[in-house]
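Below you'll find the structure, written out as structure tokens, and then a few comments.
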Amino acid sequence: MPSPAPLMSRAHARRDLVIDQSPGGLTNQAPAATPFASSFGIYNGTATSAAGLNDGTNTPWVSNSGGAGQWVELEFPNALHMNIIYLYDRGNPNDQVASGTLTFDDGTVISTGPLNNDGSATAIIFPTILASKIVFAITGVSATTTAVGLTEFQVCYDQKCAPSESFPPYDARTDNMWRLGALPR
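Sequential numbering of the sequence shown, starting at 1, is according to the UniProt record's numbering.
This is how it looks when you write it as structure tokens:
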């Protein structure tokens, strides 16, 4: 399984001299990032990708039969202030992120516990940092997990940034909780 690229390895050094916002009530900044993932799986017969993970479309990223060791990454064109991240697990009863780490290119590492398994946001609140890259590495999953994933990854700077509504609950009759996005890149 591929590992995330080292935080300083892409064709640039840190760009923390360019800052895209000043303190204040900005909303979810994740749509400005380019998403990457360790693998891509099939959901409802359609290939998933990281492309919808950060755009507010409720399009899930599903790993290729993976559990612990899978990761997703958001890379922003410029450094951003951030102090809250909302992670949305896939809202089904079988696949759940039990633990993970958020690693930022400023050197900050934050451990998370289990993500809410009902499609609602899990808020990770931390002191303000300045970063242009975030890797969420999944370090633990539930015993029933066969293909871990996320529905949404939001990055905010301010307590005014509220999570989007919970995503529809799991329906075993249809297993069709979200619209699906583009094919893997």
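Even glycine gets a Cβ: it sits at the ideal position worked out from N, Cα and C. All values derive from a computational prediction rather than experimental measurement.
- In terms of Cβ geometry, residue 128 and residue 90 do not form a close pair [threshold 8 Å].
- Going by beta carbons, residue 70 and residue 156 fall outside the 8 Å limit.
- If you check the CB distance, residue 110 and residue 101 come in under 8 Å.
- Shown here, residue 30 sits in a helix according to DSSP, grouped into three states.
- Our two residues, residue 94 and residue 67, have alpha carbons roughly 12 Å apart in a direct line.
- Taking the C-beta atoms as reference points, residue 88 is found nearer than 8 Å to residue 119.
- Around the Cβ of residue 146, a 10 Å sphere holds fewer than 16 other Cβ atoms; the residue is exposed.
- Short of 6 Å from the beta carbon of residue 142, and not among the five residues preceding or following it, lie these beta carbons of its own chain, in chain order: 96 and 98.
- The three-state reading of DSSP puts residue 104 in strand, counting E and B together.
- In this structure, the straight-line span from the alpha carbon of residue 78 to that of residue 131 is close to 8 Å.
- Of the residues 144, 115, 107 and 126, the one whose Cα lies closest to the Cα of residue 135 is 107.
- With a beta-carbon spacing of about 6 Å, residue 126 and residue 83 fall inside the 8 Å limit used to define contacts.
- In the three-state reduction of the DSSP assignment, residue 67 falls in the strand class.
- Spatial neighbours of residue 144 in its own chain (CB-CB distance under 7 Å, excluding positions within 5 residues in sequence) are listed in chain order as 94.
- DSSP places residue 50 outside both helix and strand once states are collapsed to three, so it counts as coil.
- For residue 127, the uninterrupted beta strand (DSSP E) run begins and ends at 122-141, by DSSP.
- Rounded to whole angstroms, the Cβ separation of residue 74 and residue 137 is 13 Å, and the two are not in contact under 8 Å.
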